[in-house]
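S.K.: Below is a structure I'd like to ask you about.
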Amino acid sequence: MKKFNFTYYFFFFYLFIINLSCSSQNSLGTANKPYFRLPVYASHYQIQKAILPKYQWEKNLNWIEIIPAKTGILLDIKYATKENFLNRAVYPCGKCFVRPEVAEALLKAQKELQKKGYGLKLFDCYRPLRMQKKMWKIKPDPMYVANPSQGSMHNRGLAVDVTLVDKTGKEIPMGTAYDSFEKKSHSDYKNLPAKILKNRKILSEVMHKYGLEPIRTEWWHYSYRKKKYPIGRWVWDCD
Ligand SMILES: [Zn+2]
Numbered sequence: 005m006k007k008f009n010f011t012y013y014f015f016f017f018y019l020f021i022i023n024l025s026c027s028s029q030n031s032l033g034t035a036n037k038p039y040f041r042l043p044v045y046a047s048h049y050q051i052q053k054a055i056l057p058k059y060q061w062e063k064n065l066n067w068i069e070i071i072p073a074k075t076g077i078l079l080d081i082k083y084a085t086k087e088n089f090l091n092r093a094v095y096p097c098g099k100c101f102v103r104p105e106v107a108e109a110l111l112k113a114q115k116e117l118q119k120k121g122y123g124l125k126l127f128d129c130y131r132p133l134r135m136q137k138k139m140w141k142i143k144p145d146p147m148y149v150a151n152p153s154q155g156s157m158h159n160r161g162l163a164v165d166v167t168l169v170d171k172t173g174k175e176i177p178m179g180t181a182y183d184s185f186e187k188k189s190h191s192d193y194k195n196l197p198a199k200i201l202k203n204r205k206i207l208s209e210v211m212h213k214y215g216l217e218p219i220r221t222e223w224w225h226y227s228y229r230k231k232k233y234p235i236g237r238w239v240w241d242c243d
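Numbering (the numbering used here), first residue to last: 5 to 243.
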């Protein structure tokens, strides 16, 4: 019986080593596929959870990176630059991670838009909780920043800030700049030129079709509410 136990544990130790080497190779940032679902086996999950600090294991679970070269979706992650309402960079570099359902919705929307000569450009995706806290520290105003004690849809990987681009990648006019918190930014504000309203409609219709819904105060923000996920704390690597 003792011998059996030893073999048994050795087998699991072997599986554990295999798992570790696989997970380092399968880092989401270097995935070769347009979007990539990491296999989440119970043993993988439990072993990772048992031995690694939470910040390290949770990034291997159910996150997809949107890579422009693979998806055609453009990235201009504003919180990695000073071009945002805080006038300072809060992310170490600009990358876009979302939950698998959101990635699928974005890819479908992109495909449909491409047929009409448009495409998507993302300004913000997953926002790690510690970045939310950083933003709250700079601007503790719920009008502009979600209180990190509750967390936002961005913290859960279930929201994106997005606009439309044309075939050449040039932004389509939407009436206001990103993060300009004015009445004109409201998605239900109708006192705008017909062309702007039409552009916003093209975006909102395709997003709605694939399950991404707007919020009233920001034309650029879309959330996926059909699925729930916990708040994420991990931060992507910059390479
Ligand atoms: Zn947003």
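All C-beta atoms, glycine included, are put in the ideal place defined by N, C-alpha and C.
Computed from a predicted model, the values in this text were never measured in an experiment.
Go ahead and label residue 36 buried or exposed: buried means 16 or more other beta carbons lie within 10 angstroms of its beta carbon, across all protein chains shown.
M.R.: Caution applies to residue 36, whose pLDDT of 37 falls short of 50 and renders its modelled position unreliable; the model cannot decide the point.
S.K.: Specify the secondary structure class of residue 90 as computed by DSSP and reduced to three states.
M.R.: Coil, per DSSP.
S.K.: May I ask you to check if the CB of residue 225 is nearer than 6 Å to at least one heavy atom of ligand 1?
M.R.: Yes; taking the cut-off as 6 Å, the Cβ of residue 225 has a heavy atom of ligand 1 nearer than that.
S.K.: Which residue's Cα is closest to the Cα of residue 125: 79, 235 and 203?
M.R.: It is 79 whose Cα lies nearest to the Cα of residue 125.
S.K.: Any contact between the region 197–206 and the region 94–107? By contact I mean 3 or more CB pairs, one from each, below 8 Å.
M.R.: The region 197–206 vs the region 94–107: no contact.
S.K.: Would you check if there are 3 or more beta carbon pairs closer than 8 Å linking the region 226–241 to the region 151–159?
M.R.: Yes, they touch.
S.K.: With 16 as the cutoff for other CB atoms within 10 Å, does residue 147 come out buried or exposed?
M.R.: Under this definition residue 147 is an exposed residue.
S.K.: Counting along the chain, where does the alpha helix (DSSP H) carrying residue 196 start and finish?
M.R.: Unbroken run through residue 196: none, as it is neither H nor E.
S.K.: Span of the beta strand (DSSP E) holding residue 163?
M.R.: Looking at the DSSP string, the run of the beta strand (DSSP E) that includes residue 163 is 163–170.
S.K.: Can you give the Cα-Cα distance for residue 162 and residue 233, rounded to whole angstroms?
M.R.: Taking the straight line from one Cα to the other gives about 8 Å.
S.K.: Compute the beta-carbon to beta-carbon distance between residue 187 and residue 179, rounded to the nearest angstrom, for a pair I have assumed lies under 8 Å.
M.R.: Between residue 179 and residue 187 the Cβ distance is about 10 Å, and since that is not below 8 Å, they are no contact.
S.K.: If you draw a straight line from the C-alpha of residue 90 to the C-alpha of residue 81, how long is it?
M.R.: So the two alpha carbons sit approximately 14 Å from each other.
S.K.: By DSSP, does residue 99 sit in helix, in strand, or in coil?
M.R.: Looking at residue 99 - three-state DSSP - the assignment turns out to be coil, as it is neither helix nor strand.
S.K.: Residue 120 by DSSP, collapsed to three states: which one?
M.R.: In this structure, residue 120 counts as coil in the three-state DSSP scheme.
S.K.: By Cβ distance below 7 Å, which residues in the same chain neighbour residue 3 in space, the five residues on each side in sequence not counted?
M.R.: The question about residue 3 has no answer, for the chain in this structure spans 5 to 243.
S.K.: With respect to 6 Å, is the separation between the Cβ of residue 165 and the closest non-hydrogen atom of ligand 1 below this value?
M.R.: Yes; taking the cut-off as 6 Å, the Cβ of residue 165 has a heavy atom of ligand 1 nearer than that.
S.K.: By Cβ distance below 8 Å, which residues in the same chain neighbour residue 134 in space, the five residues on each side in sequence not counted?
M.R.: The answer, listed in chain order, is 237 and 239.
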